[in-house]
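A.B. asks: Chains as they are written, first to last, in this note's numbering: chain C, 2 to 117; chain V, 51 to 162.
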């Protein structure tokens, strides 16, 4: 079974600075997807960024980028130029590629606070 | 485009009562999921479905039932509610090819 581990329960960063959230996962699969989701106080789950395991290039979405290390099974999220609106819970998630069990498995989350 | 719609948003149940949480999506997604989120925790998978007529258990299925008679709808049934089922419930849907799941707004359920 796949597991996702987020080792930082809480983090804080000053506005405009950069912060990196960690995620590691355990799987015997070779083809899969990885995601970061944001959950602000409104409770809505918002997809931030996705990475396909067969692509070596790290995904980027504006101020959000990932450092995907497949051999190390590591998938960290970097937020640049942090904004107050980035304050939220961040969840790392894993999904097998088609043909496997397409369950989306989540880590326990990291609570990020951006301070003014 | 409504996306994933969950009803109700809030509900208080008494111990032993039953209820159905409704979930509908209008994106023609094959995959649908039910998760629960306990305070300060991540999301735990209750049940999921890969298409109409097909459902499977997730990590924490006890006390719940689901059905998937159409592509659009995936209701979650709670029988004999217990305080341990107090949680926030999320429905989600996705395409098979890892585009990421779209989530509903969640249902906050309290069992007293």
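Here a beta-carbon is modelled for each residue, glycine too, at the ideal position from N, C-alpha and C.
#1: Going along chain V, which residues have a C-beta under 8 Å from residue 71 (chain C)?
#2: Quick check: is the beta carbon of residue 56 (chain V) nearer than 8 Å to any beta carbon in chain C?
#3: Buried or exposed, going by whether 16 or more other CB atoms sit within 10 Å of the CB of residue 104 (chain C)?
#4: Can you tell me the Cα-Cα spacing of residue 97 (chain C) and residue 143 (chain V), whole angstroms?
#5: With DSSP as the reference, label residue 13 (chain C) as helix, strand or coil.
#6: Got a sec? Which residues, its chain only, sit under 8 Å from residue 50 (chain C) by beta carbon, not counting five neighbours each side?
#7: To the nearest whole angstrom, what separates the beta carbons of residue 89 (chain C) and residue 10 (chain C), a pair I think is in contact under 8 Å?
#8: For chain C, find out if any of its Cβ atoms is closer than 8 Å to the Cβ of residue 151 (chain V); answer yes or no.
#9: For a cutoff of 8 Å on Cβ pairs, would you count residue 91 (chain V) as touching chain C?
#10: When the Cα atoms are used, what is the spatial distance from residue 6 (chain C) to residue 23 (chain C)?
#11: Residues bridged to residue 8 (chain V) by DSSP?
#12: Under 8 Å Cβ to Cβ from residue 111 (chain V), same chain only, skipping five residues before and after it: list those, please.
#13: Taking C-alpha atoms, which residue in V:162, V:148, V:138 and V:64 lies nearest to residue 82 (chain V)?
#14: Quick one: grab the DSSP three-state call for residue 86 (chain C).
#15: How about residue 107 (chain C) and residue 93 (chain V): do their beta carbons lie closer than 8 Å?
#16: Tell me the rounded alpha-carbon separation between residue 75 (chain C) and residue 103 (chain V).
#17: Which residues mark the beginning and the end of the beta strand (DSSP E) in which residue 115 (chain V) is found?
#18: Compare the C-beta of residue 17 (chain V) with all C-beta atoms of chain C and state if any pair is closer than 8 Å.
#19: Would the segment 118-135 of chain V and the segment 60-72 of chain V be scored as touching if the rule is three or more Cβ pairs under 8 Å?
#20: How about residue 138 (chain V) and residue 87 (chain V): are their beta carbons less than 8 Å apart?
#21: In angstroms, rounded to a whole number, what distance separates the CA positions of residue 13 (chain C) and residue 46 (chain C)?
#22: I'd like to check one pair, residue 82 (chain C) with residue 2 (chain C): are the Cβ atoms closer than 8 Å?
C.D. replies: To lay it out plainly:
#1: Ordered by position in chain V, no residue passes the 8 Å Cβ test against residue 71 (chain C), which lies about 15 Å from the chain.
#2: no
#3: buried
#4: 15 Å
#5: strand
#6: 36, 37, 60, 61, 62, 65, 66, 67 and 78
#7: The Cβ separation is near 14 Å, so there is no contact.
#8: yes
#9: yes
#10: 8 Å
#11: Limits of chain V in this structure are 51 at one end and 162 at the other, which puts residue 8 (chain V) out of reach.
#12: 96 and 97
#13: V:148
#14: helix
#15: yes
#16: 36 Å
#17: 114-116
#18: This structure cannot speak to residue 17 (chain V), because chain V is shown only from 51 to 162.
#19: yes
#20: yes
#21: 20 Å
#22: no
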